[in-house]
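Protein chains in written order, with the working numbering: chain D, 1 to 222; chain U, 1 to 510.
In structure tokens:
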């Protein structure tokens, strides 16, 4: 950490985390499906930069591996799968949302405040370098969760889920300097397989229901 | 080869071998062999734990104690009866020609992966690997749930995948928080998420972080257990999955997810006062019990009925663990085993009924005793067990949980209303209230459940239904499960009893 002054290093990490949060809002504000996927890839790229920065600043080298895996899986492979799915389906835009975009953005703002409020008592626990990252990561998790509720198309719900994963990963990397390597590898494996399975599933939804609109899944009701 | 290696490798090898096989006989053969090997490895592990206590292996990645050996017993035991049942179940669909050989081999591949992930979850020492394994159970079972590729099963599979993935993601956040507090105390070591290390360093962990972490962990794994209000996927997935898969999901997977909560709870109890995690569990347990009891009354589909009964029994088990103490914990542990036996038996019977009658609607099934006497007997036994009547073992475990609830001591509840008004409720008064609630709900379940089951068993079957069920090897799983359910009501084998005693000690260490 000798190369860069601690306060500057801390601000660099905060900047990266803030960029991640910003892309979340961009995803919430975006109706076009392929743009949502692109934004997710961008967010994952920011995540990889954050992780690499952390690895460089702290000298914990196994975070580099996590950063590399993020680039391979979340910036390249999963967006490709999703793009393929979108290409095959003939939907490009989400016209009807469960919750419209302006109120969605306001709710997301409230979620960020909530996240800071929840993490207030434990924020002092984090390392000095990354004090605010935990709150931001929880905010990203909550916004991802909200996206899944607010949107109807299967693809955007998946993007919401992946955004949640990104938030969790930011929390693990920034707040605790990465989980043990074996755990992290396992998590990446799970995310990759989940991406594949969801891709196959969306195909089947399209084939069977002629739509990926999850509000049409109404066969099973109490 | 050590028993632990055998436990992990057998399902992996069997899974990949199954992928290359096409003949049904060969697939069933591999499946049964794998289950026998697993049962043997489990017995060896259990004996070792009973005689020499818990042990760790592979650089502390694996830690086996009485609790994990006990859950392994449930996994391998029900896995074995399921494999026996799978043969007769799929024989019908294969004869019909609905399932191609390729799909059969995929089914067995996924089934073995499912077994592998559950065994990995119970053996793992690290809370992180435990999380990875539980998430992997969702991924392995998604395509099993929508195996029949009907419209409804596709919907069930999607809901299952999305809800459980999101729930589990919250559990990961809890795990990260747990790691955050331990990494402060232990430093950045690879073992900082290991339960054994966390317990040793318990007094250095930050109570605030651990408390918040447990809430996330409970909600996350609670989705997988099927606790209300995260239970909505349960009836859908259980009713649409093939019967052997429903039996595994209801009997075993719920137990494994609950195991994940219990492991985290031991750490939380060591850091903050035991009442904290306990009260949360009692709250969710009572809520699940109550809501499930109401929904049992209005079910028309037999598999959905059993699904709600699963939610109910997990609620009861969680109440037992929440109260803690020797009686409550023992009752809850015993309840898990009994529930796994009874619920798998119930789903086997439901599978047979579905094959014969071609419907899952309770109203369309009549005169089972005449059409399928053995299945009817199995359904009756499972029904009697699931409403916790003697002579089945469920009666003992549910009464233990209730006894614990009646004698629960917490030093009185105090509520502050505003600044001046403080209400203190004495233990006796609260326990009376809770026990009455418990009894009322149990009666509601008894009525609703038995009414449906008896309606299916008695009466005359529709004319077009074949009225014969000769004894065959296909009834082996029924006999085994029924026998175990009744026998456990009278005596518990010594080694299993020993295992449970030690597991209770582990769970009530503080």
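Beta carbons: idealized from backbone N, C-alpha and C, even for Gly.
Can you tell me the Cβ-Cβ gap for residue 30/D and residue 36/D, rounded? I've got them flagged as a contact below 8 Å. Taking the first residue of the first chain as position 1, residue 30/D is located at position 30. Taking the first residue of the first chain as position 1, residue 36/D is located at position 36. Indeed, because the Cβ distance is near 5 Å, the residues count as touching under 8 Å.
Apply the 10 Å Cβ neighbour rule to residue 274/U and answer buried if 16 or more other Cβ atoms are within range, or exposed otherwise. What you label residue 274/U is simply residue 274 of the second chain in a count that begins at 1. Buried, by the Cβ-count rule.
Contacts of residue 37/D in chain U (Cβ-Cβ under 7 Å): Translated into the one-based positions of the first chain, residue 37/D becomes position 37. Those within 7 Å of residue 37/D in chain U number zero; the least Cβ separation is about 17 Å.
Examine chain U for any beta-carbon lying closer than 9 Å to the beta-carbon of residue 1/D, and answer yes or no. Position 1 of the first chain, counted from the start, is the residue given in the question as residue 1/D. Its pLDDT being 46, under 50, residue 1/D is placed unreliably by the model, and the measurement read from it follows with that caveat. False, the Cβ-Cβ gap to chain U never drops below 9 Å.
Would you say residue 146/U reaches chain D, if we count a Cβ-Cβ gap shorter than 9 Å as a contact? Reading the second chain from its first residue, position 146 is the one you call residue 146/U. So, interface residue.
Does any C-beta atom of chain U lie closer than 9 Å to the C-beta of residue 43/D? As a working note, residue 43/D is residue 43 in the first chain. Answer no: the Cβ-Cβ gap between residue 43/D and chain U never drops below 9 Å.
CA nearest to the CA of residue 387/U, picked from 161/U, 241/U and 445/U: Within the second chain, residue 387/U is the residue found at index 387, counting from 1. The shortest Cα separation from residue 387/U among 161/U, 241/U and 445/U belongs to 445/U.
Interface residues of chain D facing residue 142/U [CB-CB closer than 7 Å]: Sequence index remark: in the second chain, residue 142/U carries index 142 (1-based). Going along chain D in sequence order, the residues near residue 142/U (Cβ under 7 Å) are 197.
Note down the Cα distance separating residue 326/U from residue 66/D, rounded to an integer number of angstroms. Mapped onto the second chain, residue 326/U falls at position 326. Mapped onto the first chain, residue 66/D falls at position 66. Straight-line Cα distance between these residues: approximately 44 Å.
Reference residue 200/U, options 271/U, 334/U and 352/U, closest by Cα: Position 200 of the second chain, counting from 1, holds the residue named residue 200/U. Closest option to residue 200/U, Cα to Cα, is 271/U.
Who are the neighbours of residue 4/D on chain U, taking C-beta pairs under 7 Å? On the first chain, position 4 is the one that residue 4/D refers to. In chain order: nothing, as chain U lies at least about 20 Å away.
Measure the C-alpha to C-alpha separation of residue 298/U and residue 305/U and round it to an integer number of angstroms. In the second chain, residue 298/U corresponds to position 298, counting from 1. In the second chain, residue 305/U corresponds to position 305, counting from 1. About 9 Å.
Could you pull the start and end residues of the alpha helix (DSSP H) that residue 496/U belongs to? Working through the second chain from its first residue, we reach residue 496/U at position 496. Its alpha helix (DSSP H) spans residues 494-507.
Thinking residue 302/U and residue 353/U are a contact (beta carbons under 8 Å), I'd like their distance in whole angstroms, please. One-based indexing of the second chain puts residue 302/U at position 302. One-based indexing of the second chain puts residue 353/U at position 353. About 7 Å separates the two Cβ atoms, so the contact holds.
Sheet register partners of residue 194/U (DSSP bridge): Indexing the second chain from 1 puts residue 194/U at position 194. 126/U, per the DSSP bridge assignment.
Applying the 10 Å Cβ sphere with the 16-neighbour rule, what's the burial state of residue 177/D? Mapped onto the first chain, residue 177/D falls at position 177. Looking at its Cβ environment, which holds 16 or more other Cβ atoms inside 10 Å, residue 177/D is buried.
Quick one, which of 338/U, 84/U and 358/U has its alpha-carbon nearest residue 392/U's? To locate residue 392/U, count along the second chain from 1; it is residue 392. The candidate whose alpha carbon is nearest that of residue 392/U is 338/U.
Report the three-state DSSP secondary structure of residue 18/D (helix, strand or coil). The sequence position of residue 18/D within the first chain is 18, counting from 1. Note: residue 18/D maps to helix in three-state DSSP.
Within 7 Å of chain D by C-beta, residues of the stretch 86-109 of chain U in sequence order: none
Give the DSSP bridge partners of residue 62/U, in chain order. Against the second chain, residue 62/U aligns to sequence position 62. For residue 62/U, the pairing in a beta bridge is given by DSSP as 57/U and 124/U.
For residue 153/D, the three-state DSSP class (helix, strand or coil): Here residue 153/D is taken as the residue at index 153 of the first chain, counted from 1. In the structure shown, residue 153/D falls within a strand segment according to DSSP collapsed to helix, strand and coil.
Any idea what DSSP makes of residue 269/U, helix, strand or coil? In the second chain, residue 269/U corresponds to position 269, counting from 1. It is helical.
How would you call residue 283/U, buried or exposed, if buried means at least 16 neighbouring beta carbons within 10 angstroms? Looking up residue 283/U in the second chain gives position 283. Exposed, by the Cβ-count rule.
Could you give the DSSP three-state label for residue 32/D: helix, strand or coil? Looking up residue 32/D in the first chain gives position 32. Three-state DSSP puts residue 32/D in a strand.
Please classify residue 440/U: is it buried, with 16 or more other beta-carbons within 10 angstroms of its beta-carbon, or exposed? Position 440 of the second chain holds residue 440/U. Exposed, because fewer than 16 other Cβ atoms sit within 10 Å of the Cβ of residue 440/U.
Inter-residue spacing [alpha-carbon to alpha-carbon] between residue 179/U and residue 310/U: Here residue 179/U refers to the residue found at position 179 when the second chain is read from its first residue. Here residue 310/U refers to the residue found at position 310 when the second chain is read from its first residue. Their Cα atoms are separated by approximately 32 Å.
Judging by CA-CA distance, which residue of 501/U, 508/U, 494/U and 383/U is the nearest neighbour of residue 448/U? In the second chain, counting from the first residue as 1, residue 448/U sits at position 448. Here the closest residue by C-alpha is 383/U.
Do you know how far the Cα of residue 22/U is from the Cα of residue 95/U? Counted from its first residue, the second chain places residue 95/U at position 95. Counted from its first residue, the second chain places residue 22/U at position 22. One C-alpha to the other measures close to 15 Å.
Residues in the same chain with beta-carbon distance under 6 Å from residue 87/U, minus the five sequence neighbours each way, listed in chain order, please. The residue labelled residue 87/U in the question sits at position 87 within the second chain. Once the five neighbours on either side are set aside, the close Cβ partners of residue 87/U are 28.
Any non-hydrogen atom of the ligand GDP closer than 8 Å to residue 19/D Cβ: In the structure shown, the ligand GDP is absent, as is every other ligand, since no ligand is present at all.
Per-residue DSSP class, three states only, for residue 469/U: One-based indexing of the second chain puts residue 469/U at position 469. Coil at residue 469/U, not helix or strand.
Please list the residues of the stretch 151-164 of chain U that have a C-beta atom closer than 8 Å to any C-beta atom in chain D, keeping them in chain order. 151, 152, 154, 155, 156, 157, 158, 159, 161 and 162
Compute the Euclidean distance between the alpha carbons of residue 217/U and residue 185/U, then round it to the nearest angstrom. Translated into the one-based positions of the second chain, residue 217/U becomes position 217. Translated into the one-based positions of the second chain, residue 185/U becomes position 185. Taking the straight line joining both Cα atoms gives about 21 Å.
Proximity below 9 Å, CB of residue 39/D to CB of residue 155/D: Taking the first residue of the first chain as 1, we reach residue 39/D at position 39. Taking the first residue of the first chain as 1, we reach residue 155/D at position 155. For the pair residue 39/D and residue 155/D, the CB atoms are not nearer than the 9 Å cut-off.
Residues of the stretch 106-131 of chain U with a CB closer than 9 Å to any CB of chain D: list them in chain order, please. 126, 127, 128, 129 and 131
Mapping the DSSP letters down to three states, classify residue 48/U as helix, strand or coil. Mapped onto the second chain, residue 48/U falls at position 48. Note: residue 48/U maps to helix in three-state DSSP.
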